[in-house]
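Following: one structure in structure tokens, then a few remarks.
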């Protein structure tokens, strides 16, 4: 039985990796100027050797950067979603439910309004996300340690997050109403989530790798926590430490995703949900599967966003919402039937 | 097996249990009896280490709870919570396998011994045919049996059970209770349970702990403490005891005269 489970997970993950690579290549080939499949090997070869002399290699280089950013952002959001859902023991939680992205938006929008440089926008978003995480942690410390509220009742953490987040929405509305006309467009695009001009950086990859190691190491404990809530402690799990780890990892993942691409919605909600639906709730399979499919999903969504109305480029957040909302509703109604 | 020294439990400003010094030996089966809010579940959660004592200490095998590494303690005592909320679509077998967590160390997957323990526990609770069902689709009684199966799969010498007969039909109440009694008698396991059914408690328990809810308590062998005047006092309603063959039947005295 166990070997079956192991083999099944192996097959799922191999398929996922192949799909992820395929989506990245597809994204590289697609655009206003398509690269034919026959040119792909030589272009890839050129790129890997640091030469971008041919047109195909140049295009591929431009698109690959954006596609890789899309992948790491999608994987981070999806992994953060899985963690947040396990932490709150609620399959409908998403990485934004605690207001981390809203506060990041406040930071980024303030910087955009003041016409700051791109790196200041990123830094403000990241700082905002870290500040809210710390505030939440301080306010809901008791809850994270695993008190009576962890038994499935109203969660102090969740309520605190929702209230902080609605306060920040008021701030965002205020900024949007007083911002000069010329800056509104970039502010709105940032809020919806946009990968155009997203910086290529190793930081999100490092955050993703770190969180992934933590998640895989605690995958079995996560199952126990998801099943037994507070009573997980009687099965030898340090519930407080695990919940804190989940909180900080998902906060960091969300902060890094929001910083590189703005508040892209639905990925952290529907991808874990769909994976749970397809592969079951066992976190040992779910965690790697959700991260891989989240990345793949965002790469495809972003390819669609930049080609569907070409030369006009849509913010990718619009595409994820347009695909995500109906899929989610469909799943929800099938589940409740 | 488990003991308390001068244990005090408060809820808000109220003292539920004061200076409870209590010793449970291996092979004994204890019932905790008292009115609603007398502190039965609070005491059980404190024994399980889910709640801090407001005074005094709890020891398992002579070692205070705080000095046990969590995983090692989880191989000594299992806890059945009063209620469960299932948020995710885990299957019955996954639920029971999760109780094998304390034996896994750093392994990523379970071994075949875990599957054997889980299947044996499912068989003992007569839920083998539900192994692949989603736990959220089970009835209350079926879910309770799965939870007890998980507890059996954890395979610990000490069992702490909060209302194990909850939601079970008559036949399963009897079979679960007699299974517990058998585990204590034959495998020298120790059980401490909270329950409201005096007849079930009396038939399976060797000892009883009565809680008044204002700090007072009384512990002893069932024959000594489960007597009509004492029970009437602790439960706040007069109790009649009727002898039926070798069994004692407890019934509340009729109010309507």
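Residue numbers (the numbering used here), protein chains in the order written: chain A, 1 to 337; chain B, 1001 to 1257.
C-beta: ideal position from N, C-alpha, C; glycine also.
(message) List, in chain order, every chain B residue whose beta-carbon is nearer than 7 angstroms to that of residue 61 of chain A.
(response) Numbered from its first residue, the first chain carries residue 61 of chain A at position 61. Listed along chain B is no residue with a C-beta nearer than 7 angstroms to that of residue 61 of chain A; the closest approach is about 38 angstroms.
(request) Give a yes or no on whether the C-beta atoms belonging to residue 1090 of chain B and residue 1135 of chain B are separated by under 7 angstroms. (result) On the second chain, position 90 is the one that residue 1090 of chain B refers to. On the second chain, position 135 is the one that residue 1135 of chain B refers to. With contacts defined by Cβ atoms closer than 7 angstroms, residue 1090 of chain B and residue 1135 of chain B form a contacting pair.
(request) Could you please give the first and the last residue of the uninterrupted alpha helix (DSSP H) stretch that includes residue 1185 of chain B? (result) Start at 1 with the first residue of the second chain, and residue 1185 of chain B comes out as number 185. Boundaries of the alpha helix (DSSP H) around residue 1185 of chain B: 1170-1187.
(message) Distance cutoff 7 angstroms, beta carbons only. Does residue 281 of chain A sit that close to anything in chain B?
(response) As a first step, residue 281 of chain A must be located in the first chain, where it is residue number 281. Answer yes: the Cβ-Cβ gap between residue 281 of chain A and chain B drops below 7 angstroms somewhere.
(request) Quick one: measure Cβ to Cβ for residue 1207 of chain B and residue 1028 of chain B, integer angstroms, because I've assumed they're closer than 8 angstroms. (result) Residue 1207 of chain B sits at position 207 when you count from the first residue of the second chain. Residue 1028 of chain B sits at position 28 when you count from the first residue of the second chain. Rounded to the nearest angstrom, the Cβ distance from residue 1207 of chain B to residue 1028 of chain B is 5 angstroms, consistent with a contact under 8 angstroms.
(message) Beta-carbon within less than 6 angstroms of residue 39 of chain A's beta-carbon, same chain only, minus the 5 sequence neighbours each way: which residues are those?
(response) Working through the first chain from its first residue, we reach residue 39 of chain A at position 39. Counting only residues of its own chain and dropping the five nearest sequence neighbours on each side, residue 39 of chain A has a CB closer than 6 angstroms to the CB of 56.
(message) What does the alpha-carbon distance come out to for the pair residue 237 of chain A and residue 45 of chain A?
(response) Your numbering for residue 237 of chain A matches position 237 in the first chain. Your numbering for residue 45 of chain A matches position 45 in the first chain. If you take the alpha carbons of residue 237 of chain A and residue 45 of chain A, they lie about 49 angstroms apart.
(message) As a quick exercise: from B/1014, B/1238, B/1222 and B/1196, pick the residue whose alpha carbon is nearest that of residue 1255 of chain B.
(response) On the second chain, position 255 is the one that residue 1255 of chain B refers to. Here the closest residue by C-alpha is B/1238.
(message) So for residue 41 of chain A, helix, strand or coil by DSSP?
(response) Within the first chain, the letter at position 41 stands for residue 41 of chain A. Residue state for residue 41 of chain A is assigned as helix, using DSSP reduced to three classes.
(request) With 7 angstroms as the threshold, decide whether the Cβ of residue 183 of chain A is near any Cβ in chain B. (result) By 1-based counting over the first chain, the position of residue 183 of chain A is 183. False, the Cβ-Cβ gap to chain B never drops below 7 angstroms.
(request) Scan the stretch 207-229 of chain A for residues whose Cβ lies nearer than 9 angstroms to a Cβ of chain B and list them as they occur along the chain. (result) The residues in question are 216, 217, 219, 220, 221, 223, 224, 226, 227, 228 and 229.
(request) Using the Cα positions of residue 286 of chain A and residue 1072 of chain B, report the straight-line distance between them to the nearest angstrom. (result) Position 286 of the first chain holds residue 286 of chain A. Position 72 of the second chain holds residue 1072 of chain B. Rounded to the nearest angstrom, the two C-alpha atoms are 28 angstroms apart.
(request) Between the Cα of residue 1113 of chain B and those of B/1153, B/1247 and B/1040, spot the shortest distance and give me the residue it belongs to. (result) Here residue 1113 of chain B corresponds to residue number 113 of the second chain, with the count starting at 1. Of B/1153, B/1247 and B/1040, the residue nearest in Cα terms is B/1153.
(request) With 9 angstroms as the limit, tell me which residues of the stretch 1073-1094 of chain B have their beta carbon closer than that to any beta carbon of chain A; keep them in chain order. (result) Taking 9 angstroms as the Cβ-Cβ cut-off, the stretch 1073-1094 of chain B approaches chain A at 1073, 1074, 1075, 1077, 1078, 1079, 1080, 1081, 1083, 1084, 1085, 1086, 1087, 1088, 1089, 1090, 1091, 1093 and 1094, given in chain order.
(request) Give the C-beta separation of residue 261 of chain A and residue 195 of chain A to the nearest angstrom, bearing in mind that I take them to be a contact with Cβ-Cβ under 8 angstroms. (result) Counting from one through the first chain, the residue named residue 261 of chain A turns up at place 261. Counting from one through the first chain, the residue named residue 195 of chain A turns up at place 195. Indeed, because the Cβ distance is near 5 angstroms, the residues count as touching under 8 angstroms.
(message) So residue 1053 of chain B and residue 1009 of chain B are supposed to be a Cβ contact under 8 angstroms. How far apart are they, rounded?
(response) Taking the first residue of the second chain as 1, we reach residue 1053 of chain B at position 53. Taking the first residue of the second chain as 1, we reach residue 1009 of chain B at position 9. In this structure residue 1053 of chain B is in contact with residue 1009 of chain B, their Cβ atoms being roughly 7 angstroms apart against a cut-off of 8 angstroms.
(request) Would you kindly report the start and end of the unbroken beta strand (DSSP E) that includes residue 1008 of chain B? (result) Translated into the one-based positions of the second chain, residue 1008 of chain B becomes position 8. Annotation: the continuous beta strand (DSSP E) that includes residue 1008 of chain B extends over 1002-1011.
(message) Considering only the alpha carbon of each residue, which of B/1144, B/1068, B/1063 and B/1088 lies closest to residue 1080 of chain B?
(response) As a working note, residue 1080 of chain B is residue 80 in the second chain. For the residues B/1144, B/1068, B/1063 and B/1088, the minimum Cα distance to residue 1080 of chain B belongs to B/1144.
(request) Return helix, strand or coil for residue 1067 of chain B, following the three-state DSSP convention. (result) The count along the second chain starts at 1 and reaches residue 1067 of chain B at position 67. DSSP places residue 1067 of chain B in helix when its eight states are reduced to three.
(request) Please confirm whether residue 65 of chain A and residue 200 of chain A have their CB atoms less than 7 angstroms apart. (result) Your numbering for residue 65 of chain A matches position 65 in the first chain. Your numbering for residue 200 of chain A matches position 200 in the first chain. Result yes, Cβ atoms of residue 65 of chain A and residue 200 of chain A sit closer than 7 angstroms.
(message) Measuring only the C-alpha atoms, how far is residue 258 of chain A from residue 104 of chain A?
(response) Taking the first chain and counting its residues from 1, the one referred to as residue 258 of chain A is at position 258. Taking the first chain and counting its residues from 1, the one referred to as residue 104 of chain A is at position 104. Taking the straight line from one Cα to the other gives about 7 angstroms.
(message) Tell me the rounded alpha-carbon separation between residue 331 of chain A and residue 274 of chain A.
(response) The residue labelled residue 331 of chain A in the question sits at position 331 within the first chain. The residue labelled residue 274 of chain A in the question sits at position 274 within the first chain. So the two alpha carbons sit approximately 8 angstroms from each other.
(request) Keeping to the same chain, check which residues put their C-beta closer than 6 angstroms to that of residue 1105 of chain B; ignore five residues upstream and five downstream. (result) Counted from its first residue, the second chain places residue 1105 of chain B at position 105. When the five nearest sequence neighbours on each side are left out, no beta carbon in the same chain lies closer than 6 angstroms to the beta carbon of residue 1105 of chain B.
(request) Below 8 angstroms CB to CB, which residues in the same chain sit around residue 187 of chain A once its five sequence neighbours on both sides are set aside? (result) In the first chain, the residue the question calls residue 187 of chain A occupies position 187. Result list for residue 187 of chain A: 109, 112, 113, 175, 176 and 179, in chain order.
(message) Using CA atoms only, rank isn't needed, just tell me which of B/1098, B/1085 and B/1167 is closest to residue 1151 of chain B.
(response) As a working mapping, residue 1151 of chain B is identified with position 151 in the second chain. The alpha carbon of residue 1151 of chain B has as its nearest neighbour, out of B/1098, B/1085 and B/1167, the alpha carbon of B/1098.
(message) Quick check: is the beta carbon of residue 1123 of chain B nearer than 7 angstroms to any beta carbon in chain A?
(response) Your numbering for residue 1123 of chain B matches position 123 in the second chain. False, the Cβ-Cβ gap to chain A never drops below 7 angstroms.
(message) Does the structure place the stretch 1180-1196 of chain B close enough to the stretch 1123-1139 of chain B that three or more beta carbon pairs sit under 8 angstroms?
(response) With a cut-off of 8 angstroms, the stretch 1180-1196 of chain B and the stretch 1123-1139 of chain B do not count as touching, because too few Cβ pairs lie within range.
(request) Following the continuous alpha helix (DSSP H) through residue 1224 of chain B, name the residue where it begins and the one where it ends. (result) To locate residue 1224 of chain B, count along the second chain from 1; it is residue 224. Counting along the chain, the alpha helix (DSSP H) containing residue 1224 of chain B begins and ends at 1222-1225.
(request) Kindly indicate the opening and closing residues of the alpha helix (DSSP H) around residue 188 of chain A. (result) Here residue 188 of chain A is taken as the residue at index 188 of the first chain, counted from 1. Per DSSP, the unbroken alpha helix (DSSP H) holding residue 188 of chain A starts and ends at 181-192.
(message) Strictly below 9 angstroms CB to CB, what residues from chain B border residue 338 of chain A?
(response) Outside the displayed range of chain A (1 to 337) lies residue 338 of chain A, so it cannot be described from this structure.
(request) Verify the CB distance criterion: does residue 142 of chain A have a CB-CB separation below 7 angstroms to chain B? (result) Looking up residue 142 of chain A in the first chain gives position 142. Judged by the 7 angstroms Cβ criterion, residue 142 of chain A is not in contact with chain B.
(message) Taking the alpha-carbon of residue 1174 of chain B as reference, which of B/1203, B/1191 and B/1155 has the nearest alpha-carbon?
(response) Locating residue 1174 of chain B in the second chain gives position 174, counting from the first residue. The residue from B/1203, B/1191 and B/1155 with its alpha-carbon nearest to that of residue 1174 of chain B is B/1203.
(message) Our contact map puts residue 1162 of chain B next to residue 1041 of chain B with C-beta atoms below 8 angstroms; I'd like the distance itself, whole angstroms only.
(response) Residue mapping note: residue 1162 of chain B aligns to position 162 of the second chain, counting from 1. Residue mapping note: residue 1041 of chain B aligns to position 41 of the second chain, counting from 1. About 5 angstroms separates the two Cβ atoms, so the contact holds.
(message) Can you tell me whether residue 1034 of chain B is helix, strand or coil according to DSSP?
(response) The residue labelled residue 1034 of chain B in the question sits at position 34 within the second chain. Under the three-state reduction of DSSP, residue 1034 of chain B is assigned to strand.
(request) Assign residue 320 of chain A to buried or exposed, taking buried as 16 or more other Cβ atoms, counted over all protein chains shown, within 10 Å of its Cβ. (result) Within the first chain, numbered from 1, the residue matching residue 320 of chain A stands at position 320. A residue is called buried when at least 16 other Cβ atoms come within 10 angstroms of its Cβ; residue 320 of chain A meets this threshold and is buried.
(request) Report the rounded CA-to-CA distance for residue 148 of chain A versus residue 159 of chain A, giving the unit in angstroms. (result) As a first step, residue 148 of chain A must be located in the first chain, where it is residue number 148. As a first step, residue 159 of chain A must be located in the first chain, where it is residue number 159. Confidence at residue 148 of chain A is low in this model, with a pLDDT of 46, below 50, so its placement is unreliable and the value that follows should be read with caution. In a straight line, the C-alpha of residue 148 of chain A is about 15 angstroms away from that of residue 159 of chain A.
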